[in-house]
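Under the numbering used here, the final residue of the sequence shown carries the number 365; numbering is consecutive throughout.
The structure appears right after this line, and notes come after that.
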Amino acid sequence: MKRAPLITGLLLISTSCAYASSGGCGADSTSGATNYASVVDDVTVNQTDNVTGKEFTSTTLSSTNWQYACTCSAGKAVKLVYMVSPELSTTGHTTGYYKLNDNLDIKTTLKANDIPGLVTDQIVSVNTRFTQIKNNTVYSAATQTGVCQGDTSRYGPVNIGANTTFTLYVTKPFLGSMTIPKTDIAVIKGAWVDGMGSPSTGDFHDLVRLSIQGNLTAPQSCKINQGDVIKVNFGFINGQKFTTRNAMPDGFTPVDFDITYDCGDTSTIKNTLQMRIDGTTGVVDQYNLVARRRSSDNVPDVGIRIENLGGGVANIPFQNGILPVDASGHGTVNMRAWPVNLVGGELETGKFQGTATITVIVR
């Protein structure tokens, strides 16, 4: 039996996997991050806007142009990828807002096309911090768009993210001046990749920090006694009964008067209001308002003292003297006043008069 020769063949095909490499991108040659700030300096918040639920947009961010400094080797052709993360940790009244302080929440909105590959406006939140923003543009020194460190033909300068807007939301009305220190709100991060894959989260480096700072002022209009001057009339005093130093005239009845105030509805406002009384004609020993000076030597000889009948305070100072304001923003303070002989002995005959101002202050 003849055996047929058998011929066997084997085709060996070697395979290799091409892995995409990736790394971080910083701004400029330092590989650091640049800063865009919204400065809300000396902005006045009107009473109609100083209510819970009111929103207003901050000023345009100030920005500087810069160039990419990616960790790829010079001459490499790469694509750029971005992520945007919130920097504030406490969520606000609703999704997309973060607590800026006790009175304000803030929302960050990225504008379409302000970051390459961002096709629609995007609100920065914890839900978007790992979302990669990609486009298909290839950057390389060969096309005069190098982004790698060492590239001489570079892309840019750029200012991505400069059109970002901040929306402030009033969570609790406030009074007086509010200082917002420089606060980072969000950060735009960048990475590069030279293939079809995606950079890992650890590849991304900070490119742009978005921050806000400034001062807001919310004035409060208060009327005291409907804007009229408060007059306290002591009448005629017998000089022979007005001789004891630091005392009122013998048999004198102190005069009661009211300070009525109306600051509108302050029940929803966190701040505390107080009235401050300050003497304008001079003060002796802080509690005596100078009402007259002796003609012979200009020494104060007649003073006026006051007390808050409802506050249990015997004497109110005429230097930074504090009177309470009800949390509702309106009410009445019951006061009492009397004249005092400041030098002792019989005084010159004639008139005396003292003046003081009342100012509403915010704590």
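No residue lacks a Cβ here, since even glycine has one placed at the ideal position from N, Cα and C.
query, result
"8 Å Cβ shell around residue 2 - same chain, five flanking residues per side excluded", "Any property of residue 2 remains undetermined from this structure, which presents the chain solely from 3 to 365."
"Counted within 10 angstroms of its Cβ, other Cβ atoms place residue 232 as buried (16 or more) or exposed", "exposed"
"Boundaries (first-last residue) of the beta strand (DSSP E) holding residue 112", "106 to 112"
"Backbone secondary structure at residue 93 - three-state DSSP", "strand"
"Terminal residues of the beta strand (DSSP E) in which residue 275 lies", "275 to 281"
"Own chain, CB closer than 8 Å to residue 246, minus 5 neighbours either side, in chain order", "252, 343, 346"
"Through-space distance from residue 299 to residue 227, alpha-carbon basis", "37 Å"
"Nearest candidate by alpha-carbon position, reference residue 101, set 254, 41, 188, 276", "188"
"Buried versus exposed call for residue 356 [16 or more other C-beta atoms within 10 Å across all chains shown]", "buried"
"8 Å CB neighbourhood of residue 242 in its chain, flanking five on each side removed", "348"
"Sub-7 Å separation of residue 278 and residue 363 beta-carbons", "yes"
"Cα-Cα separation between residue 2 and residue 159, rounded to whole angstroms", "Nothing about residue 2 can be read from this structure; the chain reaches only from 3 to 365."
"Which residues DSSP lists as bridging residue 2, in chain order", "This structure cannot settle anything about residue 2, because the visible part of the chain is limited to 3 through 365."
"Where residue 347 falls: helix, strand or coil (DSSP)", "coil"
"C-alpha distance - residue 64 paired with residue 164, whole-angstrom precision", "7 Å"
"Heavy atom of the ligand SAH within 6 Å of residue 53 beta-carbon", "Of the ligands one can find in the structure shown there are none, so the ligand SAH has no counterpart to examine."
"Where residue 124 sits in the DSSP three-state scheme", "strand"
"Limits of the beta strand (DSSP E) - the one that residue 24 falls within", "24 to 29"
"From 290, 67, 84, 57, residue whose alpha carbon lies closest to that of residue 99", "57"
"Residue 335 versus 72, 169, 264, 199, residue with shortest Cα-Cα distance", "264"
"Whole-angstrom C-beta distance between residue 81 and residue 140, which should lie under 8 Å", "6 Å"
"Nonlocal neighbours in the same chain, by C-beta distance under 6 Å from residue 143, ignoring five residues either side", "77, 153, 155"
"Contact set for residue 308: own chain, Cβ-Cβ below 7 Å, skip 5 residues either direction", "318, 337, 338, 339"
"Three-state class that DSSP yields for residue 187 in the structure shown", "strand"
"Cβ shell of residue 93 (< 8 Å), same chain only, five flanking positions each side left out", "99, 100, 101, 128"
"Residues that residue 87 bridges to, as DSSP identifies them", "189"
"Reduced DSSP secondary structure (H/G/I, E/B, other) of residue 6", "Reliability of the predicted coordinates at residue 6 is poor, the pLDDT of 47 falling under 50, and the value obtained from them is presented with this limitation in mind. The answer is coil: DSSP assigns residue 6 none of H, G, I, E or B."
"Cα-Cα separation, residue 178 to residue 96", "27 Å"
"Where residue 37 falls: helix, strand or coil (DSSP)", "strand"
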